[in-house]
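Protein sequence lines correspond, in order, to chains V and A.
Quick note, in UniProt numbering, the first sequence goes up one by one and the last residue is 468.
Quick note, in UniProt numbering, the second sequence goes up one by one and the last residue is 468.
Comments concern the structure below.
There are 2 protein chains.
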Amino acid sequence: MSVEFLDALRAALGADHVLCEGDLSAYEQDWRKRARGKALAVARPADTAQVATVLRLCAQHGVTVVPQGGNTGLVVGSVPDATGRQLLLSLRRMHRVRLLDTANLTMTVDAGCVLQAVQEAAAAQGLLFPLSLAAEGSATIGGNLATNAGGTQVLRYGNARELCLGLEVVTAQGDIWDGLSGLRKDNTGYDLRDLFIGSEGTLGVITAATVKLFPQPAARTTAMASCASMELAVALLKSARHKLGAGLTGFEVMGRFALDLVARHFPELPRPLPGAAWTVLLEQSDEESEAHAQERFEALLAAALEDGLIEDAAVAQNQSQSKAMWHVRESISLAQAQEGLNIKHDISLPVSSIPAFCTQADAALQSAYPGVRIVNFGHLGDGNLHYNVQVPQGGDGAAFLRDHEPGVNKVVFDAVQAFDGSFSAEHGIGSLKREEMEQRKSPTALALMKAIKQALDPQGLLNPGRVL
Amino acid sequence: MSVEFLDALRAALGADHVLCEGDLSAYEQDWRKRARGKALAVARPADTAQVATVLRLCAQHGVTVVPQGGNTGLVVGSVPDATGRQLLLSLRRMHRVRLLDTANLTMTVDAGCVLQAVQEAAAAQGLLFPLSLAAEGSATIGGNLATNAGGTQVLRYGNARELCLGLEVVTAQGDIWDGLSGLRKDNTGYDLRDLFIGSEGTLGVITAATVKLFPQPAARTTAMASCASMELAVALLKSARHKLGAGLTGFEVMGRFALDLVARHFPELPRPLPGAAWTVLLEQSDEESEAHAQERFEALLAAALEDGLIEDAAVAQNQSQSKAMWHVRESISLAQAQEGLNIKHDISLPVSSIPAFCTQADAALQSAYPGVRIVNFGHLGDGNLHYNVQVPQGGDGAAFLRDHEPGVNKVVFDAVQAFDGSFSAEHGIGSLKREEMEQRKSPTALALMKAIKQALDPQGLLNPGRVL
Numbered sequence: 001m002s003v004e005f006l007d008a009l010r011a012a013l014g015a016d017h018v019l020c021e022g023d024l025s026a027y028e029q030d031w032r033k034r035a036r037g038k039a040l041a042v043a044r045p046a047d048t049a050q051v052a053t054v055l056r057l058c059a060q061h062g063v064t065v066v067p068q069g070g071n072t073g074l075v076v077g078s079v080p081d082a083t084g085r086q087l088l089l090s091l092r093r094m095h096r097v098r099l100l101d102t103a104n105l106t107m108t109v110d111a112g113c114v115l116q117a118v119q120e121a122a123a124a125q126g127l128l129f130p131l132s133l134a135a136e137g138s139a140t141i142g143g144n145l146a147t148n149a150g151g152t153q154v155l156r157y158g159n160a161r162e163l164c165l166g167l168e169v170v171t172a173q174g175d176i177w178d179g180l181s182g183l184r185k186d187n188t189g190y191d192l193r194d195l196f197i198g199s200e201g202t203l204g205v206i207t208a209a210t211v212k213l214f215p216q217p218a219a220r221t222t223a224m225a226s227c228a229s230m231e232l233a234v235a236l237l238k239s240a241r242h243k244l245g246a247g248l249t250g251f252e253v254m255g256r257f258a259l260d261l262v263a264r265h266f267p268e269l270p271r272p273l274p275g276a277a278w279t280v281l282l283e284q285s286d287e288e289s290e291a292h293a294q295e296r297f298e299a300l301l302a303a304a305l306e307d308g309l310i311e312d313a314a315v316a317q318n319q320s321q322s323k324a325m326w327h328v329r330e331s332i333s334l335a336q337a338q339e340g341l342n343i344k345h346d347i348s349l350p351v352s353s354i355p356a357f358c359t360q361a362d363a364a365l366q367s368a369y370p371g372v373r374i375v376n377f378g379h380l381g382d383g384n385l386h387y388n389v390q391v392p393q394g395g396d397g398a399a400f401l402r403d404h405e406p407g408v409n410k411v412v413f414d415a416v417q418a419f420d421g422s423f424s425a426e427h428g429i430g431s432l433k434r435e436e437m438e439q440r441k442s443p444t445a446l447a448l449m450k451a452i453k454q455a456l457d458p459q460g461l462l463n464p465g466r467v468l
Numbered sequence: 001m002s003v004e005f006l007d008a009l010r011a012a013l014g015a016d017h018v019l020c021e022g023d024l025s026a027y028e029q030d031w032r033k034r035a036r037g038k039a040l041a042v043a044r045p046a047d048t049a050q051v052a053t054v055l056r057l058c059a060q061h062g063v064t065v066v067p068q069g070g071n072t073g074l075v076v077g078s079v080p081d082a083t084g085r086q087l088l089l090s091l092r093r094m095h096r097v098r099l100l101d102t103a104n105l106t107m108t109v110d111a112g113c114v115l116q117a118v119q120e121a122a123a124a125q126g127l128l129f130p131l132s133l134a135a136e137g138s139a140t141i142g143g144n145l146a147t148n149a150g151g152t153q154v155l156r157y158g159n160a161r162e163l164c165l166g167l168e169v170v171t172a173q174g175d176i177w178d179g180l181s182g183l184r185k186d187n188t189g190y191d192l193r194d195l196f197i198g199s200e201g202t203l204g205v206i207t208a209a210t211v212k213l214f215p216q217p218a219a220r221t222t223a224m225a226s227c228a229s230m231e232l233a234v235a236l237l238k239s240a241r242h243k244l245g246a247g248l249t250g251f252e253v254m255g256r257f258a259l260d261l262v263a264r265h266f267p268e269l270p271r272p273l274p275g276a277a278w279t280v281l282l283e284q285s286d287e288e289s290e291a292h293a294q295e296r297f298e299a300l301l302a303a304a305l306e307d308g309l310i311e312d313a314a315v316a317q318n319q320s321q322s323k324a325m326w327h328v329r330e331s332i333s334l335a336q337a338q339e340g341l342n343i344k345h346d347i348s349l350p351v352s353s354i355p356a357f358c359t360q361a362d363a364a365l366q367s368a369y370p371g372v373r374i375v376n377f378g379h380l381g382d383g384n385l386h387y388n389v390q391v392p393q394g395g396d397g398a399a400f401l402r403d404h405e406p407g408v409n410k411v412v413f414d415a416v417q418a419f420d421g422s423f424s425a426e427h428g429i430g431s432l433k434r435e436e437m438e439q440r441k442s443p444t445a446l447a448l449m450k451a452i453k454q455a456l457d458p459q460g461l462l463n464p465g466r467v468l
């Protein structure tokens, strides 16, 4: 049966685009090298019609399918299992920009377009596609949408979901849904678009999308401020949202220990506000000018100083100072890796609960695992913390992780749940967080999800074992 | 069986909150008085637990349910049919503000809260809940979300969907899903929230919501400009979005004949730019001051004049002038009613296609129905037109509608479809547009919707005959 299936696949796509031999590790191994599977074959369709053919053949032959874009996910959601029976469906050959509509501020792109290429196509027209994340040179827009990617511009522009107006999807039955609407308002029936977004390839295969574009702001500039407590950082966020409105495009927070690690491992980087308990990085986009943005920053920060929200502040005077500030923020993960093994969390909370969460989780961790060092930083404006746990100074990292990773996760996720937060803010579920979801999500929500999965993919062909 | 059901209902809600007699027209007749049904009873639960009890009883006794909020919908989606066998489930007794979180910029409210009360609760904290529409004094937030309401602030803040972070929903089985998250990022499973939003009570009953709040801008001001063609109005929109960014909160267009009708029936109203082929109303929100907003308007409009995009312009010098400009815009519907019977359309298109659509639809209508008068106005910034057709001057309105309404609709919707638009931008489907949807939506989309409906409401108890 498998021979017959592969022959039909070759006839449909051309033998060159059905890979069974050679080094397939780029398709079979996940980004963080946590899992390596074995595919029955890698299918590389050229267009949507070929994707539909592939899915019809899979349905006919009962072959399960793992869709894959840039394969940069962090939760093992886009590689095949070890059985050698799953078809890896790579969308990477589909990378056309189908349409860029400057009056409608939309772009229609194939799912396999690399995120950076989408950004660049917009920029070439003086426009902004704001989705931005570390893996943007490899991640595809289809994968970004299938996982509802977040990134650094969520505070102002939203997640991938909020940046998408329409989708083209191939269903489990091999039918094509053309929902590539460039409409801002369309109340004709259920919201299929948002159902497919974030479903991680388990309900259908996204083959193209119409995304929102924005005018490029005239200037983008940054500032840093030091806060004596997380409460004060939250108060500064509130003030910045009131005074800068939609001009506030970034609000990151970094704990002292996170910046200590950066200073230890990258001593050549500047440390604008040494000794701060919490350092906040603010980014502002301005339609007028850099000077106007700086003035507004100075007014905000002067008032914050007077109100006792901050202890000190520095406004970037030029683009290179702005870049240096971001560079410090972006060096935290690397500094953590240099320091040694650690346990990472991608959590979100109501912003108002973050101070109490930190107090409670810090205390619970210290009590259960004395000496652990907490690297706390993240997108405070979105309520999204990378609340990471570095093993105790001088400890055996591998042994600590082996013995305590599940326990540490439980302490952190219990605290998250106590404050109505989420154990996966932007990374999704994939295979890695399935059990966590089964335990922590409400039974009603899980029952609804399972009913939807069963309705749309009754044969269970699409990315089985992921999400549900 | 119906006696037993009603007894159980009375035992659960109290006899006072199960209405079977007296004048029930507020519940049974739709807002535009196009349909009048007859309910088995009107159930008025006090809280979510009672809603769950009601739905469990309905499932047990096979009674179908029509959920209702303020009953202000325009497509006959919230009144019972004529059989006398449907339960009308009114959410209006549930109108608590459960939580207003100023640091998280969120508010959690019962579904039965009137929209205006939600706006006022936010304003009392110096915050803005931007959803705004004509029926806001009666419409409830639950109904707004069930129908994904639009309104006047969509350009900047989005539809009801984009303003909602979380929902509480009672399922067809009477289970409660608590998804009242106040999180900006949460990638744990399928997007149930957006599936319920806009599903018009056919997939579950929304009992509460957590919505987004925004800081109140320091100033909100308006301007008007005249454009010689719709192409130039679209070019002005593009320029305004580039120069004002997120500060641009409204961009309305009004055709000459629409304003002629206002002048004829409300001669006391000002007409700032007489003779304009197209008049644009721009609204700007500013975090700094009214003077700053006026300066930015003046710079935008001076450049537009120089570039030949506009012929003339007027910037409101104070709040009363701003209000007067909006008053003209809001008088169009009333002037239409004074003029006589007409056929209304609530359509959306990619903004870039609007000029060509208007040319084509105008010509097709004049050719098929010589003498019809087109009242074209709407939210150009959202691509949403109220493209209405007034019967020929001096014609018999009732006869024209009787003979030609379906034909006129077909001409308009065929043109909409040719330009990839939507035949229902913000009003939804209800009963009135079901056939239109069956004909115009892709079979794949319809099949997906029906599968979802079947999965979540296999007994077909929730608002049957609506949407699908």
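The C-beta atom is built at its ideal place from N, Cα and C for all residues, glycine as well.
Fair warning: this is a prediction, and the values are worked out from it, not measured in the lab.
I need the DSSP call for HIS386 (chain A), collapsed to helix, strand or coil.
Within the second sequence, residue 386 (chain A) is the residue found at index 386, counting from 1. Residue state, collapsed to three classes: strand.
How about ASN409 (chain V): is its C-beta nearer than 7 Å to some C-beta of chain A?
Residue 409 (chain V) sits at position 409 when you count from the first residue of the first sequence. False, the Cβ-Cβ gap to chain A never drops below 7 Å.
Which whole-angstrom value is the C-beta distance of GLY77 (chain A) and GLY460 (chain A), which I expect to be below 8 Å?
Translated into the one-based positions of the second sequence, residue 77 (chain A) becomes position 77. Translated into the one-based positions of the second sequence, residue 460 (chain A) becomes position 460. Actually they are not in contact, since the Cβ atoms of GLY77 (chain A) and GLY460 (chain A) sit about 16 Å apart, beyond 8 Å.
Examine the Cβ distances between the region 276-284 of chain V and the region 224-239 of chain V and report whether three or more of them are shorter than 8 Å.
Because the criterion of three Cβ pairs below 8 Å is met, the region 276-284 of chain V and the region 224-239 of chain V touch.
With SER2 (chain A) as the anchor, note down where its alpha helix (DSSP H) starts and where it stops.
Taking the first residue of the second sequence as position 1, residue 2 (chain A) is located at position 2. Unbroken alpha helix (DSSP H) run through SER2 (chain A): 2-13.
Count the CB pairs spanning the region 352-362 of chain V and the region 158-174 of chain A that are closer than 8 Å, and state whether there are at least three.
Flag = no, the region 352-362 of chain V and the region 158-174 of chain A do not touch.
Report the CB separation of SER352 (chain V) from VAL234 (chain V) in whole angstroms; it is logged as a contact under 8 Å.
Along the first sequence, one-based indexing puts residue 352 (chain V) at 352. Along the first sequence, one-based indexing puts residue 234 (chain V) at 234. Confirmed, about 7 Å.
At a CB distance below 8 Å, what residues from the region 417-428 of chain V approach chain A? Give them in sequence order.
Of all residues in the region 417-428 of chain V, ASP420, GLY421, SER422, PHE423, SER424, ALA425, GLU426, HIS427, GLY428 have a Cβ within less than 8 Å of some Cβ in chain A.
Taking Cβ positions only, does TYR387 (chain A) come closer than 7 Å to chain V?
Translated into the one-based positions of the second sequence, residue 387 (chain A) becomes position 387. Closer than 7 Å: no.
List, in order along the chain, the chain A residues whose C-beta lies closer than 9 Å to that of THR171 (chain V)?
In the first sequence, the residue the question calls residue 171 (chain V) occupies position 171. The contacting residues are THR444, ALA447, LEU448.
Could you give the first and the last residue of the continuous alpha helix (DSSP H) run that contains GLU295 (chain A)?
Taking the second sequence and counting its residues from 1, the one referred to as residue 295 (chain A) is at position 295. Taken as a continuous stretch (DSSP letters only), the alpha helix (DSSP H) holding GLU295 (chain A) covers 290-306.
Using 7 Å as the limit for Cβ to Cβ distance, is LEU183 (chain A) near chain V?
What you label residue 183 (chain A) is simply residue 183 of the second sequence in a count that begins at 1. By this cut-off, LEU183 (chain A) is an interface position.
Output, in sequence order along the chain, the residues in the region 247-267 of chain A whose CB is closer than 9 Å to any CB in chain V.
For the region 247-267 of chain A, which is checked against every Cβ of chain V, the residues closer than 9 Å are GLY247.
Note down, one range per segment and in chain order, each beta strand (DSSP E) of at least 3 residues found wholly within the region 61-125 of chain A.
Taking only runs of at least 3 residues, the beta strand (DSSP E) segments lying wholly in the region 61-125 of chain A are 65-68, 86-90, 97-101, 106-110.
Any beta-carbon of chain V closer than 7 Å to the one on GLN345 (chain A)?
Stepping through the second sequence from its first residue, residue 345 (chain A) is reached at position 345. In the sequence as presented, Gln is not what sits at residue 345 (chain A); that position holds His. Not one chain V Cβ lies under 7 Å of HIS345 (chain A).
So, is GLN338 (chain V) buried or exposed, given that buried needs 16 or more other C-beta atoms within 10 angstroms?
Within the first sequence, the letter at position 338 stands for residue 338 (chain V). When all chains shown are included, GLN338 (chain V) counts as exposed.
Determine the extent of the beta strand (DSSP E) in which THR359 (chain V) is found, giving its start and end residues.
Position 359 of the first sequence, counted from the start, is the residue given in the question as residue 359 (chain V). From DSSP, THR359 (chain V) is part of no beta strand (DSSP E) but of the alpha helix (DSSP H) over 354-368.
In angstroms, rounded to a whole number, what distance separates the CA positions of HIS386 (chain A) and GLY308 (chain A)?
As a working mapping, residue 386 (chain A) is identified with position 386 in the second sequence. As a working mapping, residue 308 (chain A) is identified with position 308 in the second sequence. Answer to the nearest angstrom: the Cα atoms are 27 Å apart.
Of the residues that make up the region 132-150 of chain A, which ones have a beta carbon closer than 8 Å to any beta carbon in chain V?
Residues THR147, ASN148, GLY150.
Going along the chain, which residues of its own chain have a beta-carbon closer than 7 Å to the beta-carbon of VAL262 (chain A), five neighbours each way excluded?
Along the second sequence, one-based indexing puts residue 262 (chain A) at 262. LEU269, VAL328, SER331, ILE332, ALA335.
Residue ranges of each alpha helix (DSSP H) run of no fewer than 4 residues wholly in the region 369-431 of chain V, ordered along the chain?
Runs of the alpha helix (DSSP H) inside the region 369-431 of chain V: 397-418.
Is GLU435 (chain V) buried or exposed, if buried means 16 or more other CB atoms sit within 10 Å of its CB?
Locating residue 435 (chain V) in the first sequence gives position 435, counting from the first residue. Answer is exposed; the Cβ neighbour count stays below 16.
Determine whether the beta carbon atoms of PRO217 (chain V) and ASP286 (chain V) lie at a separation below 7 Å.
Translated into the one-based positions of the first sequence, residue 217 (chain V) becomes position 217. Translated into the one-based positions of the first sequence, residue 286 (chain V) becomes position 286. Yes, Cβ-Cβ distance for PRO217 (chain V) and ASP286 (chain V) is below 7 Å.
What does DSSP give as the partner residue(s) for VAL262 (chain A) in the beta ladder?
Residue numbering aside, residue 262 (chain A) sits at position 262 when the second sequence is read from its first letter. Beta-bridge pairing links VAL262 (chain A) to no other residue.
Strictly under 7 Å for the Cβ-Cβ distance: is HIS292 (chain V) near chain A by that measure?
Here residue 292 (chain V) is taken as the residue at index 292 of the first sequence, counted from 1. HIS292 (chain V) does not count as touching chain A.
Please return the same chain residues whose Cβ sits closer than 6 Å to the Cβ of residue 481 (chain A), not counting the five positions on each side in sequence.
Summary: the structure shown does not reach residue 481 (chain A), with chain A confined to residues 1 through 468, and so no result is reported for it.
For ARG44 (chain V), does the count of other Cβ atoms within 10 angstroms reach 16, so buried, or fall short, so exposed?
Here residue 44 (chain V) refers to the residue found at position 44 when the first sequence is read from its first residue. Counting Cβ neighbours within 10 Å, ARG44 (chain V) comes out buried, since at least 16 surround it.
With DSSP as the reference, label ASN342 (chain V) as helix, strand or coil.
One-based indexing of the first sequence puts residue 342 (chain V) at position 342. Three-state result, ASN342 (chain V): strand.
Of all the CB atoms in chain V, is at least one closer than 7 Å to the CB of ARG220 (chain A)?
The residue given as residue 220 (chain A) occupies position 220 in the second sequence. ARG220 (chain A) does not count as touching chain V.
Which residues does DSSP pair with TRP278 (chain A) in a beta bridge?
If you number the second sequence from 1, residue 278 (chain A) lands on position 278. Note: TRP278 (chain A) sits in a beta bridge opposite A:CYS227, A:GLY255.
Express the C-alpha separation of PHE129 (chain V) and ALA123 (chain V) in angstroms, rounding to a whole number.
Here residue 123 (chain V) refers to the residue found at position 123 when the first sequence is read from its first residue. Here residue 129 (chain V) refers to the residue found at position 129 when the first sequence is read from its first residue. Rounded to whole angstroms, ALA123 (chain V) to PHE129 (chain V) spans 8 Å at the Cα level.
Does residue 469 (chain V) have its Cβ less than 7 Å from a Cβ in chain A?
No answer is possible for residue 469 (chain V): the residues shown for chain V start at 1 and end at 468.
Buried or exposed: which applies to CYS164 (chain A), given that a residue is buried once 16 or more other Cβ atoms fall within 10 Å of its Cβ?
Position 164 of the second sequence holds residue 164 (chain A). With 16 or more Cβ atoms within 10 Å of its Cβ, CYS164 (chain A) is classed as buried.
Tell me, which residues are paired with ALA41 (chain A) by DSSP?
The sequence position of residue 41 (chain A) within the second sequence is 41, counting from 1. ALA41 (chain A) pairs with A:LEU87.
Which of the residues in the region 187-201 of chain V, read from start to end, lie with their CB under 7 Å from any CB of chain A?
Hits within the stretch, in order: ASN187, THR188, GLY189, TYR190, ASP191, LEU192, ASP194, LEU195, ILE197, GLY198, SER199.
Thinking just about the alpha-carbon of each residue, which of A:GLN116, A:LEU115, A:VAL114, A:LEU99 is nearest to the one in THR108 (chain A)?
Here residue 108 (chain A) refers to the residue found at position 108 when the second sequence is read from its first residue. Nearest C-alpha to THR108 (chain A): A:LEU99.
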